[in-house]
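Those sequence lines, one after another, are chains W and Z.
The numbering used here puts the last residue of the first sequence at 237; the count rises by one with no breaks.
The numbering used here puts the last residue of the second sequence at 254; the count rises by one with no breaks.
Note that CB positions come from ideal geometry on N, CA and C, so glycine has one too.
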Amino acid sequence: MSIKNHPDPATLLSFAAGTLPEALAAAVAAHAALCAECRGEIADMELIGASLMLRTEPVERPTRSVVRAPAPGLPSPKLPATTRDFHDDRLPSPIARVYGLTFDTIPWKRLGPGVWHHRLPLTDGVEGDLRLLKIAAGRRMPEHGHGGSELTLVLDGAYSDETGTFRFGDIQDVDEDIEHTPMADPDVGCVCLIASDRPARFKGLVARLVQPWTGL
Amino acid sequence: MLGTAHDARPRPRPGPARQWGSMSDLLSRIATDRSDEAFRSLFDEYRPRVRRYMLQQGADGDLADELAQETLVTVWRKAALYSSEKGSPSAWIFTIARNLRIDRIRRQRGWQELTDEHAANIPSEDEPADSRVDQQQRQVRVQAALRDLPPEQIEAVTLAFIEGLPHSEIAERLSLPLGTVKSRIRLAYAKLREALDELR
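As structure tokens, this is what we get:
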């Protein structure tokens, strides 16, 4: 397996800083679960955070100071689970774990001819959109509404656009100003995870999907 | 062979390297002996800094106290899971604080793992464990490289890590196009990357 397309370093750094919007962070976590190189980069970026947070200039000492080691049995703080119970070839473990899915149990819902999706809910009140998308062989990927940042992670098959071909584990990191017309692989189609920091523009999507792509 | 004059063990150098070394020692004493005294030292060192971080991320005084406390409680509880041999305790503590902040200040789902878990999951065929210089050395290198960054680059990186601003808000704060913010961050990271690659 060789992954050729990675998130922009600025996106990875935002992930490491903990400032990347939730949907995009999910896609980066999913990519990182498949990509040792990016895990290494994120770990290095966390060293930046440590250096900046712990820089040695004097800090105000808190007035209340509790210095006793805590008794055992305190409730555990809410941190992301660290177990990797879900191992599946194609669905990255963070997505599998959080949403309780495996690749073969994704409850696909038909959006139009040759296009299925499954929406992955975000935390209440958080803006953005995260969904799995399945596109039949040779079909154009639906216009899922740019206007923000968007990450597309390939989980099965492949797709191509003007910039190249994206295969399993590849992530395409695009800005609002990028126009592209991705097409699913003509033989095997494509399953991907699409994350955006803006809500999906569904009207255009559905309108576009009801008619097969004719090359216009 | 080295002469007798060189047989003496090198004296510990002052500065961050020693500081991080001793933090590793404290962590391992917490992990193995559950040493109350070691925890107190670690607590005194990190709590004010974690508290300051939480304040800069927008917590009020009470919440900052609470989250700093919780960060250090997590260190106490998880010390045994942390591999202090090669890891950077500071990076580990940073990631604990960061994840608490995402959860409790930003109120979003945190997709980030703690730093030791990345290190543990780097497969050997990509990067044999022995070839990866330990994170403490990398930490020292990053610290030094950060000092050499041009002010506009360190500013962008600091706004991300310390003030917790997404790129779009950094752009707003600095009245710059988003692309400029991203390119400053990329340039900053490229310099750090270069400094780290020299270690290999």
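Subject >> Bounding residues of the alpha helix (DSSP H) (the contiguous stretch that carries residue 243 of chain Z) >> reply: 232–251
Subject >> Minimum C-alpha distance to residue 80 of chain Z - residue among Z:130, Z:118, Z:109 >> reply: Z:130
**OP:** Would you be able to state if there are at least three C-beta pairs under 8 angstroms between the segment 26–37 of chain W and the segment 148–162 of chain W?
**Re:** no
Original post:
Using 8 angstroms as the limit for Cβ to Cβ distance, is residue 36 of chain W near chain Z?
Top reply: yes
Original post:
Which bits of chain W does residue 129 of chain Z rub up against, with CB to CB less than 8 angstroms?
Top reply: The premise fails here: residue 129 of chain Z is roughly 10 angstroms from chain W at the closest Cβ pair, so nothing lies under 8 angstroms.
**OP:** Report back the beta-carbon spacing between residue 71 of chain W and residue 145 of chain Z to the nearest angstrom; my notes put them in contact at under 8 angstroms.
**Re:** 4 angstroms
Original post:
CB residue 236 of chain Z to CB residue 221 of chain Z, shorter than 8 angstroms?
Top reply: yes
Original post:
Buried or exposed: residue 104 of chain W, going by 16 or more other Cβ atoms within 10 Å of its Cβ?
Top reply: Residue confidence is low: residue 104 of chain W scores 39 on pLDDT, short of 50, so the model does not pin down where it sits. Its coordinate-derived value is still stated next. Exposed, by the Cβ-count rule.
Original post:
Going by beta carbon distance, what residues of the same chain come within less than 6 angstroms of residue 142 of chain Z, once the five residues before and after it are set aside?
Top reply: 189, 190, 193
**OP:** Give the DSSP-derived three-state secondary structure of residue 160 of chain W in the structure shown.
**Re:** coil
**OP:** On the DSSP bridge assignment, give the partners of residue 193 of chain W in chain order.
**Re:** W:173
Original post:
So, are the CB atoms of residue 171 of chain W and residue 216 of chain W less than 8 angstroms apart?
Top reply: yes
Original post:
So what's residue 113 of chain Z in DSSP terms, helix, strand or just coil?
Top reply: coil
Original post:
With 16 as the cutoff for other CB atoms within 10 Å, does residue 134 of chain Z come out buried or exposed?
Top reply: exposed
Original post:
For the segment 82–135 of chain Z, which segments carrying the beta strand (DSSP E) assignment without a break, of at least 3 residues, lie completely within its bounds, in sequence order?
Top reply: none
Original post:
Which residues in chain W sit within 8 angstroms of residue 189 of chain Z, going by Cβ to Cβ distance?
Top reply: 64, 68
**OP:** Would you kindly work out how many angstroms separate the C-alpha atoms of residue 56 of chain W and residue 253 of chain Z, rounded to a whole number?
**Re:** 22 angstroms
Original post:
Apart from the five residues on each side of it in sequence, which residues of its chain come closer than 8 angstroms, Cβ to Cβ, to residue 175 of chain Z?
Top reply: Residue placement at residue 175 of chain Z is poorly supported in this model, since its pLDDT is 46, which falls under 50; the coordinates are not used for a value here.
Subject >> Residues in the segment 145–169 of chain W having any Cβ partner in chain Z nearer than 7 angstroms >> reply: 147
**OP:** Report the neighbours of residue 107 of chain Z on chain W: residues whose CB is nearer than 8 angstroms to its CB, in chain order.
**Re:** 74
Original post:
Taking 8 angstroms as the CB-CB cut-off, is residue 106 of chain W touching chain Z?
Top reply: Note on residue 106 of chain W: pLDDT 39, under 50, position unreliable in the model; the coordinate value appears next. No - not a single Cβ of chain Z is within 8 angstroms of the one on residue 106 of chain W.
Subject >> Alpha-carbon to alpha-carbon, residue 36 of chain W and residue 75 of chain W >> reply: 19 angstroms
Original post:
If you draw a straight line from the C-alpha of residue 149 of chain Z to the C-alpha of residue 52 of chain W, how long is it?
Top reply: 19 angstroms
**OP:** Compute the Euclidean distance between the alpha carbons of residue 243 of chain Z and residue 134 of chain W, then round it to the nearest angstrom.
**Re:** 44 angstroms
**OP:** My understanding is that residue 144 of chain W touches residue 162 of chain Z, with C-beta atoms under 8 angstroms, so please give their C-beta distance in whole angstroms.
**Re:** 5 angstroms
Subject >> Contact with chain Z by residue 55 of chain W, beta-carbon distance below 8 angstroms >> reply: no
Subject >> First and last residue of the uninterrupted beta strand (DSSP E) at residue 216 of chain W >> reply: 211–217
Original post:
Is the Cβ of residue 166 of chain Z closer than 8 angstroms to any Cβ of chain W?
Top reply: yes
Original post:
Looking only at DSSP bridge pairs, what is residue 136 of chain W linked to?
Top reply: W:133, W:156
Original post:
What's the C-alpha gap between residue 146 of chain W and residue 160 of chain Z?
Top reply: 11 angstroms
Original post:
If we cut at 8 angstroms on Cβ distances, does residue 30 of chain Z have a partner in chain W?
Top reply: In the structure displayed, chain Z extends from 55 to 254; residue 30 of chain Z sits before or after that span and is not available.
Original post:
Could you give the distance in angstroms between the alpha-carbon of residue 65 of chain W and the alpha-carbon of residue 123 of chain W?
Top reply: 31 angstroms
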